[in-house]
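Following full-length UniProt numbering, the numbering of the sequence shown begins with 1 at its first residue and continues without gaps. The C-beta atom is built at its ideal place from N, Cα and C for all residues, glycine as well.
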Amino acid sequence: MKKEHTGQNSSSLFETLPTLPFSFRTAQSVSHKDEIIICGDNNGCYSYHTLKNQYKLICPYPKEVKLNGHCVVKIVHKDNKNVNEVTLLSFGGQGSDEKKYTLIMKYISVWNNNGKITSKDYNKWIPFRDNKNNEISIGKHDDNYMGVRAIIGGKNNNLLFITYWPWYIDVFNLNTCQYIKSDNLPTNCCAIQYHAFVTKTKGEKEDNNICEMLLFYKNIGLNITYDENSNIFCYQNIRVCTSLRAIILYSYVYANDSILFFGGKDDSGTLKEIYKYFVINNKWMKFEHALPIPLSGACAILNENNTKIYIFGGKNPFQTKVKKWMKKETKRERQWIDDENERRELEEINVELQVMKEGSDMKKLKRMKEMEIIIGHWVRSLSIDLGWIHEFNIVISRYLMRKYFKQLRILQGHSDIVSGVKFSHDGTKIVSTSVDGTVRIWDVMSRKQIGIWGKQSKWTNHAKFSPHDDMIVFIANPNLIILLDVQSCAEINKFEGPDNMLGIQFLPNGKNIVLSSCDTTIRIWDIKSGQEIKKLETHTRLEGHFQISFDGQQLISALYDYTIGIWNLQSGEMIHKLKGHCSYINNIQLSPDCRFIVSCSGDKTIRIWDIISGLEVQKFDEQCYKIGNVQFFPDGNTIFFSLTDKNIQLFDVKLGIGIQTIENLKYVVAADISSNGNNIVSSSYDRIIELWGLL
1 MKKEHTGQNS SSLFETLPTL PFSFRTAQSV SHKDEIIICG DNNGCYSYHT
51 LKNQYKLICP YPKEVKLNGH CVVKIVHKDN KNVNEVTLLS FGGQGSDEKK
101 YTLIMKYISV WNNNGKITSK DYNKWIPFRD NKNNEISIGK HDDNYMGVRA
151 IIGGKNNNLL FITYWPWYID VFNLNTCQYI KSDNLPTNCC AIQYHAFVTK
201 TKGEKEDNNI CEMLLFYKNI GLNITYDENS NIFCYQNIRV CTSLRAIILY
251 SYVYANDSIL FFGGKDDSGT LKEIYKYFVI NNKWMKFEHA LPIPLSGACA
301 ILNENNTKIY IFGGKNPFQT KVKKWMKKET KRERQWIDDE NERRELEEIN
351 VELQVMKEGS DMKKLKRMKE MEIIIGHWVR SLSIDLGWIH EFNIVISRYL
401 MRKYFKQLRI LQGHSDIVSG VKFSHDGTKI VSTSVDGTVR IWDVMSRKQI
451 GIWGKQSKWT NHAKFSPHDD MIVFIANPNL IILLDVQSCA EINKFEGPDN
501 MLGIQFLPNG KNIVLSSCDT TIRIWDIKSG QEIKKLETHT RLEGHFQISF
551 DGQQLISALY DYTIGIWNLQ SGEMIHKLKG HCSYINNIQL SPDCRFIVSC
601 SGDKTIRIWD IISGLEVQKF DEQCYKIGNV QFFPDGNTIF FSLTDKNIQL
651 FDVKLGIGIQ TIENLKYVVA ADISSNGNNI VSSSYDRIIE LWGLL
């Protein structure tokens, strides 16, 4: 969900190659001696000579062959005595219900003999045939082979492993020209296409009957093992780093027990980022440096001695040395690894939370996780830097202070939708409003109702405690502003406000209230006299959500045009207008230090804004559900928001990952968190209030 900063440009790490004859996007390539053979784009097949630094056309594909995400592999023939010859197999690139073409080429370098080939059997694509000269098609008529990926394996390098949409894997015996195995990949119903697929068993002993492969696509990571003797697949899940999950169409290579991922595309556009997966250590890293240009749908290939990587995409290909990407991590890269490890730990805890029933189990898990992470960080820090104590203390406190919640009580009493809930400033009480026309006060410790107001009102809403928690102000139908004494629930004052009031709140002095209404005004009232003492014209229709800064100097409000306005309450001047949301704003709130604003919208995003600059500093996409409420925790590092799927999500702002999902009984109408961060309260359409406390 979190959008990360683009890596630094690193032109010194890459060497630009000669411009391609035309723009390459979905070509496939193989290496052969000092050549990179590039096949597919513009239906042509080219050779790039790595020493001569030049291109030559080998041959075109047949005109009738459609290529859209095809695959090219190099077939290994042990009995082939001509070391200058290589056999290429090309297939795929066609969708379901389209004719599948499977072609083969015997290739001899076009750079030898001045490019003249003496035999007509070489350097052209011809149909793939078996020993009886029958034409063979890899892929059934109804298979979708667009974005297919395949690798050669097996004890005798005669097995073709094919992975394709939506979640299939087949094994095709190239000697017998028959399928010998078909299986479904455990992708949890997520379809794969244009994915990463590599073999782990290159260069191993010839008597090894086990083939190991790796597959990555979005949030899917699989270690695939195939036993050639028993003809059985085994699968093991691999965690994909959080920021790679949203990226598709990246290029990739397997080198030195690592997979390098280059560029790709996400919702924000084409990318330059480079990631690394350490196969043996099962660890991820994002490089500080990036590609020279954004690339998606490119092809990356190693040369035959595994020293250089060639990347062909667009019209400006480039190369880089493998050893440059095998160096020790930089300080920024180590920090990224630490952050990603923390995200992984949070995900593991979330999984445990789904199955745990007792709070004591959660506490035990937390202690285990804390010790694992702290000791791991301690060891890394000691080996890196003697000045590690301050950072170590931060890591300890971050984990010890992280909070998880369980349901304490369902509070019942309202007879209709509970429109609002709010904690007192000291966190000991809750006030609730409802469509049933009552206002109720609840004690957090005893979890019981301790007060009620209800006097012939059709509805009540927007109840807030005064700064000293001795009064409550709320709006009652049709346009009444009412102040209650918290102890007795008796009315202190009551007066008429403007029509169509949207929200109400105390100023920090406790003597005045601020209210907004549909007539584009903000009004300040004296609670003792019940008189309006100031009126600010916003010239823009307000939404119901606004907040007052802790010093009482600024007002922040959601506006009808999908923006957020910041006003100086003394002068009435608008300081900033924050633009970015593309739908109505459901809620806004200030951070505890008043430096940031968090907002949620019908556009399914959560955004964090810098108050001083007025700029958006973070954006989180929650594409599955609409977001109804969002607030900062008192620590300022965590937010919680309610979703239309009945859940409340706790979310780490720094890491951009969920901490815990709190499941409510019904759709959440309103929610609040206590000032110490130890309790959460929510209300819903089914007339109940749910109170949550620490595990």
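Asked, Found
"When the Cα atoms are used, what is the spatial distance from Tyr310 to Pro292?", "13 angstroms"
"Assuming Ile475 and Leu484 make a contact with CB atoms under 8 angstroms, what is their CB distance in whole Å?", "Not a contact, Cβ separation roughly 12 angstroms."
"Alpha carbons only, please: which of Leu578, Asn341, Gly602 is nearest the one belonging to Ile611?", "Leu578"
"What do you reckon, are the CB atoms on Asp603 and His581 nearer than 7 angstroms?", "yes"
"Taking 7 angstroms as the cut-off, decide whether the C-beta atoms of Ile689 and Val431 are in contact.", "no"
"Quick check: what's the CA-CA separation for Ile384 versus Lys283?", "Caution is warranted here: a pLDDT of 45 is assigned to Ile384, below 50, making its placement in the model unreliable, and the coordinate value is therefore given only provisionally. Roughly 18 angstroms separates the two Cα atoms."
"Would you grab the beta carbon distance between Ser516 and Ser549 for me? Rounded to a whole angstrom, and I think it's under 8 angstroms.", "No, Ser516 and Ser549 are not in contact; Cβ-Cβ is about 15 angstroms, not under 8 angstroms."
"Could you work out which residue in Ile38, Gln94, Leu88 is closest to Glu64 when comparing CA atoms only?", "Gln94"
"Can you check which of these residues, Lys646, Asn175, Glu98, Asp499, is closest to Asn131 by C-alpha distance?", "Asn175"
"What did DSSP end up calling Asn341 once you bin it into helix, strand or coil?", "helix"
"Residues in the same chain with beta-carbon distance under 7 angstroms from Gly693, minus the five sequence neighbours each way, listed in chain order, please.", "Phe405, Lys406, Leu408, Asn678, Asn679"
"Roughly how many whole angstroms lie between the Cα atoms of Cys189 and Gln631?", "34 angstroms"
"By DSSP's criteria, Ala671 is part of a beta bridge. Which residues make up the other side?", "Ser682"
"Could you check how far apart the C-beta atoms of Leu13 and His289 are, in whole angstroms? I think they sit under 8 angstroms.", "6 angstroms"
"Which partner residues does Asn568 have in the DSSP bridge list?", "Gln554"
"Please specify which runs of the beta strand (DSSP E), each continuous and at least 3 residues long, are wholly inside the segment 54 to 107, giving them in chain order.", "54 to 60, 70 to 75, 85 to 92"
"Going by DSSP, what residue range makes up the beta strand (DSSP E) through Thr163?", "159 to 165"
"Buried or exposed: where does Asp416 fall if 16 or more other Cβ atoms within 10 Å of its Cβ makes it buried?", "exposed"
"Since Asp610 is in the beta strand (DSSP E), which residue starts that stretch and which ends it?", "605 to 610"
"Which two residues bound the contiguous beta strand (DSSP E) that contains Tyr235?", "232 to 237"
"Considering only the alpha carbon of each residue, which of Gly221, Leu480, Phe287 lies closest to Lys324?", "Phe287"
"Rounded to whole angstroms, what's the CA-CA distance from Leu57 to Gly40? Just pull it up for me.", "12 angstroms"
"Does DSSP put Lys3 in a helix, in a strand, or in coil?", "Annotation note: pLDDT 45 at Lys3 (below 50); position unreliable, no value reported."
"Would you mind reading off the limits of the beta strand (DSSP E) that contains Gln618?", "616 to 621"
"Looking at Lys276 and Leu260, is the spacing between their C-beta atoms short of 7 angstroms?", "yes"
"Among Thr433, Cys518, Met445, which residue has its Cα nearest to the Cα of Ile482?", "Thr433"
"Within 10 angstroms of the Cβ of Val72, are there 16 or more other Cβ atoms? Answer buried if so, exposed if not.", "buried"
"Between the alpha carbons of Gln456 and Arg440, how many angstroms are there, rounded?", "15 angstroms"
"Taking just the CA atoms, how far does Val76 sit from Gly269?", "39 angstroms"
"Judging by CA-CA distance, which residue of Pro508, Phe216, Ser583, Asp526 is the nearest neighbour of Gln547?", "Pro508"
"Would you identify the three-state DSSP class for Glu663, choosing helix, strand or coil?", "strand"
"Quick check: what's the CA-CA separation for Asn512 versus Lys528?", "8 angstroms"
"Would you mind giving the Cβ-Cβ distance between Cys600 and Phe641, rounded to the nearest angstrom? I have them listed as a contact below 8 angstroms.", "6 angstroms"
"When the distance is taken between beta carbons, is Val171 closer than 7 angstroms to residue 696?", "Since the first residue of the chain shown is 1 and the last is 695, residue 696 is not available in this structure."
"Need the endpoints of the beta strand (DSSP E) that Ser599 sits in, please.", "596 to 601"
"Since residue 702 is in the beta strand (DSSP E), which residue starts that stretch and which ends it?", "Because the chain here runs from 1 to 695, residue 702 falls outside it and cannot be looked at."
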